[in-house]
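Scroll down for the structure; my scribbles are underneath it.
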């Protein structure tokens, strides 16, 4: 079989490479089998003894996607617009309008920088206006004279840094939570992809990932002011509702009267969704479902004017009870907008249990500077309440009994020990520089993943069997050669996936199944050509030569276009779809090789060297 | 075994029938796309999807009624795995954790002893959905462009036009089938990312088929110079017919297997491929090649 030396060498080379790349996967498989048979204890010792080996195998073995393995995949987006607002001082209406317009434009573009839109929008309103009036910052070198370009560069640096820091903080949180083989990567300019295998409690992870972990200590509203404001707001909604609903009887409301348990259906828009209390720093009680509606009502400018200056209304973290329908109720509290102390001063946090009730809580220690401030605040406000706010929610608002020295404080009213643990985790990892939002999330439970693997394997097996049988039936012995090529093809595809460190997903398996059907195409093209050549009376050897030669251009043109489609799918698709594109491309490359080169070696060996006959059916 | 050996079907002579058939299919498809539209999945519309496990099978209608009271926006409840799992899809805009809590609480309190747990979730915000939609549109347009340019380079422009028209034909009709049947079959026909990948695979496949015939036309044009172009094309189609049928069959085999065994997630994808491969095979014979002929004839008339 002269002249085939190079082809044989190539096939051998690819086989060796495939073996090399697939060997760790096989090792891992057998090790898992071995570990399955062990007892819990044996397994723990085994894992401990072989930790390096296990890690290295995990890295080199063929990776399964989270849709097969089970786990959680989250795409986070750093809210750059929130960062911009935070960096700005003396924010006015123009600023808010420009920021809103820039945010809207950035959503419309693929990966447009919101900062760019922000500057453009600002300049389009007044070409001479200077952004530096909002962003003066001595430390960053932004003065009154700084150009808009300087400001844009400054904002961009801050934004980039915010994303980088967010990644490291989130990685820290995930590590503290304890996930095996998490993957945290940046995508585009402001997105972070977090992949957590084996996670099945999405709710807890959501809290862990997106909590900004801003811990704040704030003073609270003056009780007398609070009651007066409540009365004014109720009156306001009374008149508003009256004008739209004249039939309703005109009654003046007294706060004390309103403490009656059910104010719903009163005809007052606010009282329909909030039970007013006005006791101390408490404004009212709101059901979980209505919190957003109440926020809206308090936010309208006319109502803002009626509320005490420098006070913001926030909800409590834990429900205080439930309604008859089972909806959870939360207190709405008046909290001063000024932040007295932030979580930066916290040096240590740990889960503790309340001395008498054994309820979990988080106790925190502050640094010396924080301790001094804390002592001053508490000393000046004995008898008043101080709110401990985490991410915009009031966890506790203890009444200060005495000046607190030594920088101790704690967060109470936590749901469970798990929540306490998570609060400790986020406090220790630090606060995110800008809020993040979950823009996409998918969780696959382990049983669903296992079902997908089984479905995928079944499809591959039955597909392979059916196509292989059909080929033998239709093309006889040459069909068998094509089947050999098909099996080799499957092995090569897995080798390519492992070699390129690609991840096998469910759509990826679909790509393999599809490849089984389409891979034989090249051989079909060749065999049909051989038959045509034979029908012109050529010898078997000549017919094979002619068939392989003439089919080549069709095979090439037909495959390369599908390959292009794969490339494009890979570039624009995300996650699982990329998995599909990868197996599709791998399948095309390897099927061309096995169908053209490998089958030719066999044919030549059988026909030329062994002088045997091959049937093309 | 030889099934389509030396066939002498008169494809070109009867191409008008093909045109009429295609025109009817296209009209129905486009009509349905305009009237009935397509059902977009969460990928392109945004929304939340939860698969909830319960200890006992629950009555879907009752669950839907209970959840409808507390969730805003659209709601879809389906049961699978013998009713032990339920798929709940909602466009409620509230925080994911809040929506998840509402669902679990409602099912837990309305159906005693059901102890619902979350098996899987899928959440896409409207903003992210915009990005995915843009990606899908770019990949479709990009594929068509690249394919057109490649065919132009390898064949003459008439082939490029024929191939791209055939691709539009295939994708439109497959989309039409999705539009007509969504909601009528026992599985989801929502257009999501996987379906887009399916459509692009159809594009690749249909082209693959078309190119093989074109390759033969190119070859025979050089050999049978004395014969009319009609005959050359007809002969090319007939001589590649066996291959066309065999490859279509093996590919159909595997996608049918994928449809049956591939599980819930891949069912819509496999369905798209079944339709697409059938239509793609038909179009490479009855649409792409005849179009090349029509374009050639028009050119001849103009020259005269």
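Protein chains in written order, with our numbering: chain W, 37 to 653; chain V, 63 to 366.
The beta carbon of each residue, even a glycine, is placed where N, CA and C say it ideally should be.
Quick one: Cα of residue 396/W to Cα of residue 354/W, how far? 13 Å
Taking only beta carbons into account, state which residues of the stretch 272 to 287 of chain V come closer than 7 Å to chain W, listed in chain order. 273, 274 and 277
Identify, in the order they occur along the chain, each residue of the same chain with its Cβ nearer than 8 Å to the Cβ of residue 199/W, setting aside the five sequence neighbours on each side. 114, 222, 225, 226 and 228
Of the residues 508/W, 534/W and 618/W, which one's Cα is nearest the Cα of residue 64/V? 508/W
Between the stretch 327 to 339 of chain V and chain W, which residues of the former have a C-beta closer than 8 Å to a C-beta of the latter? 327, 328, 331, 332 and 335
Within 7 Å of any Cβ in chain W, is that where the Cβ of residue 186/V sits? yes
Kindly list the residues whose CB is nearer than 8 Å to the CB of residue 287/V, restricted to its own chain and excluding five residues on each side of it in sequence; keep chain order. none
Check whether chain V comes within 7 Å of residue 564/W, counting only Cβ atoms and requiring the distance to be less than that. yes
Euclidean distance between Cα positions of residue 117/W and residue 72/W: 50 Å
Of all the residues that make up the stretch 134 to 160 of chain V, which are near chain W by a beta-carbon distance shorter than 7 Å? 158 and 159
Taking residue 522/W as the reference, give the member of 624/W, 544/W, 422/W and 584/W with the closest Cα. 624/W
Can you tell me the Cα-Cα spacing of residue 336/V and residue 310/V, whole angstroms? 10 Å
Chain V contacts made by the stretch 460 to 484 of chain W, where a contact means CB separation under 8 Å: 473, 474, 475, 476, 477, 478, 479, 480, 481, 483 and 484
Count the other CB atoms, across all protein chains shown, that sit within 10 Å of the CB of residue 374/W; report buried if there are 16 or more and exposed otherwise. exposed
I'd like to know if residue 601/W contacts chain V, where contact means its C-beta is closer than 7 Å to some C-beta of that chain. yes
Spatially closest choice to residue 209/V from 594/W, 412/W, 160/W and 209/W, by CA coordinates: 594/W
I want to know whether the stretch 565 to 581 of chain W touches the stretch 540 to 557 of chain W - three or more CB-CB distances under 8 Å. no
For residue 110/W, which of helix, strand or coil comes out of DSSP? strand
Meets three-Cβ-pair contact criterion under 8 Å: the stretch 292 to 303 of chain V and the stretch 271 to 282 of chain V: yes
Mind the definition here: the stretch 86 to 104 of chain V touches the stretch 223 to 242 of chain V only if three or more C-beta pairs lie below 8 Å; say whether that holds. yes
What residues match up with residue 297/V in a beta bridge as DSSP calls it? DSSP output for residue 297/V lists no bridge partner at all.
Assigned secondary structure, residue 348/W (DSSP; H/G/I helix, E/B strand, else coil): strand
Where residue 645/W falls, given that 16 or more other Cβ within 10 Å makes a residue buried: exposed
Excluding sequence positions up to five away, which residues of its chain have a Cβ less than 6 Å from the Cβ of residue 80/V? 348
Among residues of its own chain, excluding the 5 on either side of residue 176/W, which ones have a beta-carbon nearer than 7 Å to its beta-carbon? 190
Interface residues of chain W around residue 212/V at Cβ under 9 Å? 593, 596, 597 and 600
Under 8 Å by beta carbon: chain V residues contacting residue 487/W: 325
For a contact defined as C-beta to C-beta under 9 Å, what are the partners of residue 382/W on chain V? Within chain V, no residue comes near residue 382/W; the closest Cβ sits about 25 Å away, beyond 9 Å.
Uninterrupted alpha helix (DSSP H) stretches inside the stretch 284 to 350 of chain V (no shorter than 4 residues): 291 to 323 and 326 to 345
On the DSSP bridge list, what partners appear for residue 388/W? 397/W
Residue 75/V versus residue 498/W: straight-line alpha-carbon distance, rounded: 40 Å
Taking only the alpha-carbon atoms, compute the straight-line gap between residue 297/V and residue 284/V and give it to the nearest angstrom. 13 Å
How would you call residue 56/W, buried or exposed, if buried means at least 16 neighbouring beta carbons within 10 angstroms? exposed
Please report the residue range of the beta strand (DSSP E) in which residue 312/W lies. 310 to 312
Fully enclosed by the stretch 425 to 484 of chain W, which alpha helix (DSSP H) runs are 4 residues long or longer? 453 to 465
Listed from N- to C-terminal order along the chain, which residues in the stretch 303 to 317 of chain V have their beta-carbon within a distance smaller than 8 Å of any beta-carbon of chain W? 304, 305, 308, 309, 311, 312, 313, 314, 315, 316 and 317
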